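Numbering (full-length UniProt numbering), first residue to last: 1 to 500. Quick reminder that beta carbons are idealized off the backbone N, C-alpha and C, glycines included. Please read all numbers here as calculations on a predicted model, not as lab measurements. Each remark here refers to the structure printed beneath this line.
See below:
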């Protein structure tokens, strides 16, 4: 196989290609390439030149190009640059030239189909060749279906035939797969072919495939590739197929499973309300365990986001007993965020009151901080006001923490001017312990330093002056992250602006 790397070495390039790559040729045309067509086609810059010129080439230019390609088509089709030239040529040249190019590829259909670059060429052949040539390609593909569907590149070719071919072209493929549906559904590349069968084939062609999927359901739903196949049945299958799947699923265990939880979520998305109701009943019985599980929390979040109001109500009531621990839980806090985004004010209010009551703990917690930030961004003005009023006194000792600075930043973005000024007053006021303003702690950390810069940008003139006076007391250190230096530049810029 020829490689485009040879033409990338300056000593092995022709003068014409070398001059073109180094921009020493003005107004080069396709017809000027002559015997250098193949060399250009194997070169990254040269191949792009040919592709661009082919789009607007006249018959004389395309005829000369095809003459130069003769005998080299297979080499180019297997090359990462050359294959794009072949594709562009098939789209641009006349029918006679197309036939000539395709004929050079027909002898190596299987080789090309299993090749990273060659598989693109075969797909392009199927799109542009004459029916007689297409029959020849399809015969070779149909004779090697099982080899192709489990290959990284060959599977793309088979999927292309399933998606764009005639029903009679799909039929031999489906027949070849029927004895291996279960194993192919568990295969990285084979599963994608099965997906395409389910999406594009006729009901008659799909039925034997579906029966094997039903027979192997439990194995498939707990497999990293098989679960996607079952998801496809739920998305595109008949109501009776969905019904059979739902009846066979072990809801509780699958909701905790890395792959099984995806299937449960597709059931909730695509099945009818009567089909979903038994699933939801089992989920409600296991809410407390699911919300703190790495995979189960996704299922509960889907119910909150897409379910009926009464299902949200049951979930919210279930969460109340352990709400404080969920605020700070790695997975539980994601469920709480979902409640805050999608539930009614009446459903959220008890939860919000608990958030306010635990604010001091949450603002310093790496998970809890995101809940407070969410309320600041999307909550009611009165909730935002209560949070800002709480950010004073001893709580300002936490300005060195990333989590706390994140809350201040949200207040600067979504708060009123009065709220922003109140925060600036707090960070500039000396604390009771050290006598230094919390601002100095913030400036020592990269993220906190950035928040201080944002304060300077949003403050009114009086509070900007207050910040500038406070920052003058800060020691400027030439640290690796250059935080203080960055802030000094911002202060100087603000001072220049004030002077002007």
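Quick one: using the 10 Å Cβ neighbour count with 16 as the cut-off for buried, is residue i buried or exposed?
i           : result
residue 103 : exposed
residue 399 : buried
residue 417 : exposed
residue 438 : buried
residue 116 : exposed
residue 378 : exposed
residue 443 : buried
residue 308 : exposed
residue 459 : buried
residue 394 : exposed
residue 96  : exposed
residue 58  : exposed
residue 205 : buried
residue 27  : exposed
residue 49  : buried
residue 403 : buried
residue 351 : buried
residue 12  : exposed
residue 415 : buried
residue 470 : buried
residue 441 : buried
residue 19  : exposed
Out of curiosity, what's the CA-to-CA distance linking residue i and residue j?
i           : j           : result
residue 252 : residue 341 : 26 Å
residue 197 : residue 243 : 20 Å
residue 238 : residue 284 : 27 Å
residue 476 : residue 299 : Confidence in residue 476 is poor, its pLDDT being 41 and thus under 50, which makes the residue's placement unreliable; the coordinate value appears in the next sentence. Roughly 50 Å separates the two Cα atoms.
residue 384 : residue 276 : 38 Å
residue 291 : residue 90  : 55 Å
residue 297 : residue 169 : 44 Å
residue 216 : residue 210 : 10 Å
residue 45  : residue 66  : 19 Å
residue 433 : residue 396 : 11 Å
residue 177 : residue 161 : 14 Å
residue 141 : residue 99  : 19 Å
residue 293 : residue 218 : 21 Å
residue 301 : residue 338 : 6 Å
residue 261 : residue 255 : 4 Å
residue 343 : residue 318 : 14 Å
residue 64  : residue 51  : 15 Å
residue 2   : residue 41  : Confidence at residue 2 is low in this model, with a pLDDT of 42, below 50, so the placement of that residue is unreliable and no value is reported for it.
residue 22  : residue 157 : 38 Å
residue 179 : residue 240 : 23 Å
residue 467 : residue 424 : 7 Å
residue 389 : residue 213 : 59 Å
residue 278 : residue 329 : 28 Å
residue 372 : residue 363 : 7 Å
residue 249 : residue 314 : 23 Å
residue 36  : residue 68  : 8 Å
residue 295 : residue 464 : 47 Å
Residue i and residue j look like a contact to me (Cβ under 8 Å); what is the Cβ gap, rounded to whole Å?
i           : j           : result
residue 221 : residue 193 : Rounded, the Cβ-Cβ distance is 19 Å, inconsistent with contact.
residue 448 : residue 405 : 5 Å
residue 223 : residue 189 : Rounded, the Cβ-Cβ distance is 14 Å, inconsistent with contact.
residue 322 : residue 288 : 7 Å
residue 199 : residue 175 : With a Cβ gap of about 18 Å, residue 199 and residue 175 do not count as contacting.
residue 119 : residue 81  : Residue 119 to residue 81, Cβ: 16 Å. No contact.
residue 55  : residue 92  : 6 Å
residue 202 : residue 172 : At roughly 14 Å, the Cβ-Cβ gap does not stay under 8 Å, so residue 202 and residue 172 are not in contact.
residue 336 : residue 376 : Residue 336 to residue 376, Cβ: 15 Å. No contact.
Kindly list the residues whose CB is nearer than 7 Å to the CB of residue i, restricted to its own chain and excluding five residues on each side of it in sequence; keep chain order.
i           : result
residue 479 : In this prediction, residue 479 has a pLDDT of 39, which is less than 50 and means its spatial position is unreliable; what the coordinates show is noted afterwards. Here the set comprises nothing.
residue 121 : 77, 83, 86, 87, 105 and 112
residue 454 : 409 and 412
residue 72  : 38
residue 61  : 30 and 31
residue 110 : 140 and 144
residue 134 : 126
residue 356 : 386
residue 428 : 437, 439, 466, 467 and 470
Using C-beta distances below 8 Å, list every residue in its chain close to residue i, excluding the 5 sequence neighbours before and after it, in chain order.
i           : result
residue 358 : 324, 327 and 368
residue 347 : 312, 313, 316 and 339
residue 236 : 198 and 199
residue 164 : 126 and 127
residue 430 : 436 and 437
Using a Cβ-Cβ cut-off of 6 Å (strictly less than) and excluding sequence neighbours within five positions of residue i, which residues of its own chain qualify?
i           : result
residue 185 : 191, 194, 220, 226 and 229
residue 312 : 304 and 343
residue 154 : 113, 114 and 148
residue 270 : 234 and 235
**Asked** Could you give the uninterrupted runs of the alpha helix (DSSP H) lying entirely in the segment 45-98, keeping only those of 4 residues or more?
**Response** 59-69, 73-77 and 82-92
**Request:** Scan the segment 366-430 and note each continuous alpha helix (DSSP H) run of 4 residues or more that stays entirely inside, going in chain order.
**Result:** 368-378, 381-390, 402-414 and 417-428
**Prompt:** Taking the runs of the alpha helix (DSSP H) that are 4 residues or longer, which of them lie wholly in the segment 121-168?
**Reply:** 131-142, 145-149 and 154-164
**Prompt:** Mind pulling the beta strand (DSSP E) runs of 3 or more residues that sit fully within the UniProt repeat "Pumilio" (282-317)?
**Reply:** none
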